[in-house]
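Okay, structure first, notes after.
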Amino acid sequence: MNSMNLKRMTAAFMAAAMFFTVLAPMKPASAAADPISVNAKASILVEASSGKILYGSNIDESLPIASMAKVMTEYLVLEAVNEGKITWDQTYTPNEYTYSISQIRELSNVPLRKDGSYTVKELYEAMAIYSANGAAIALAEVVAGSESNFVKMMNDKAKELGLEDYHFVNATGLENKDLNGNHPDGTTEDDENMLSARDMAKLASSLIEDYPEILEVSSIPRKTFKEGTDMPNYNWMLKGLVYEYEGVDGLKTGSTNSAGSSFTATAEKNGMRVITVVMDADDGTGDLKSPRFKETKKLLDFAYNNYSVEELYPAGYQVKGKSSLPVVSGKEKEVQIETDKPMTIAMRNGEKENYKAKYIIDKKKLNENGELEAPFKEKEAVGKLAVDYTGEEKDYGFLSGTAGEVNVVTKESVEKANWFVLAMRGIGGFFAGLWDSVAQTVSGWFS
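Anchor point for the sequence shown: position 56 equals 54 in our numbering, and the numbering is continuous, going up by one each time.
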């Protein structure tokens, strides 16, 4: 074979190789950019104070949540206590429904006696520590009169808290088919509680922010119920338990055949509180307990090894070149604007310079000319300060649309100018316009 033919064959082979390389399937960019591999149908990691999502996978698909639904039950119980609608020492005697459910030991339960009398505090601890289902139904009846009424409250509260894709059907998180035909009105035997990972994190965040006392109970590793029942906490990441992790003090596990191994956790360490959710975690063993803790550990390690909460801008911060707004009908013609409090955000170590401030001015506050109308007071809210991320890491955004923002307010009050000042401004404006017109005409004569 001569050298010319050899060169031609080599060139043809290289062209073919390049052609098939182009056609070969490429690994999706999202998979390549995934900083951690969480073996779960859905997972999310959120820094609690700012609502910054540090990691997320399939966070908006609605999935079964099992006993993590009790987070909503806890919220409504604590709300009722704080509003004085019920008291901790208020007592409850089981009816046939709560009694029969509480006797099913295959489910998580403390067995209640038909002639027993139990305080709200005792039932609440049984639910929050041991995930007791009979106790959860009892609390629903105390708060709302019936579980059916309570389910309506659950869905109403979900809407109020800004959850987007929610479906609450009972107070326990059990599949309705496990309720022995006693499923709440308006639900079916095949129903179960459903949320997305994002909404589960929102719910947990609201509970911790509004009623931080939940952590005093959710962090108890073991307690004895009044009837002598031992109540070990199903959250095995608490201090002294098998998957102990520094800083973990809540929140709620969940497992059913459909929900798999699920867990909503919270931890505070190095001055930063995070919330994690894993839904249907799987380590290939078929175990419904351990996988949720193994996958949660990945999320917690990622957070505390790579992130910290930093102050980006102090209170009183002004965006350069956009530090004032024009004012109409006021004694002053403009007003300075600034942030009302510091902006802090969880960010990856060394990434601070990759966040840029921007104003989001509320157009409803301004007239059609973009002016703020006097009079108004000092600290009048006129918009928000938000940030854009300009770095190379994947930006997962915030838990909700308003998270990660601080108010922009007026620095001073501006009174309405009196009629004489406004009249003089009008006359001045008229003559200024007249003078401009004359000047343009004269300029035209000599052009």
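C-beta: ideal position from N, C-alpha, C; glycine also. All figures in this text were calculated on a predicted structure; none of them were measured in a lab.
CA-to-CA, the gap between I335 and Q316 works out to about 7 Å. For L364, there is no enclosing beta strand (DSSP E), as DSSP marks it with neither H nor E. The alpha carbon of A301 has as its nearest neighbour, out of G328, G269, N191, the alpha carbon of G269.
Taking C-beta separations shorter than 6 Å and ignoring five residues to either side along the sequence, the partners of S129 in its chain run S65, S106, Y232, following chain order. For D197, the enclosing alpha helix (DSSP H) has its first and last residue at 195 to 208.
Rounded to the nearest whole angstrom, the C-alpha separation of K350 and G395 is 16 Å.
Contact between N147 and N168 does not hold, since their C-beta atoms are separated by about 12 Å, which reaches or exceeds 8 Å. For S259, the enclosing beta strand (DSSP E) covers residues 258 to 267. Burial check for W86: the Cβ neighbour count within 10 Å stays below 16, so the residue is exposed. For the pair A136 and D58, the Cα-to-Cα distance works out to about 32 Å.
As the crow flies, the alpha-carbon of E104 is around 11 Å from that of N131. Only residues of its own chain outside the window of five on either side were considered, and among them L161, E162, D163, Y164 have a CB closer than 7 Å to the CB of D197, listed in chain order. For K50, the beta-bridge partners assigned by DSSP are E45, F396. The Cβ atoms of Y243 and L298 lie closer than 7 Å to each other. Residue pairing by DSSP puts E332 in a beta bridge opposite P324. For A126, the uninterrupted alpha helix (DSSP H) segment begins and ends at 118 to 128. DSSP lists no beta-bridge partner residue for M151.
Counting along the chain, no beta strand (DSSP E) covers N131; the unbroken alpha helix (DSSP H) around it starts and ends at 131 to 142.
For K112, there is no enclosing alpha helix (DSSP H), as DSSP marks it with neither H nor E. Going by DSSP, V385 is part of the beta strand (DSSP E) stretching over 379 to 387.
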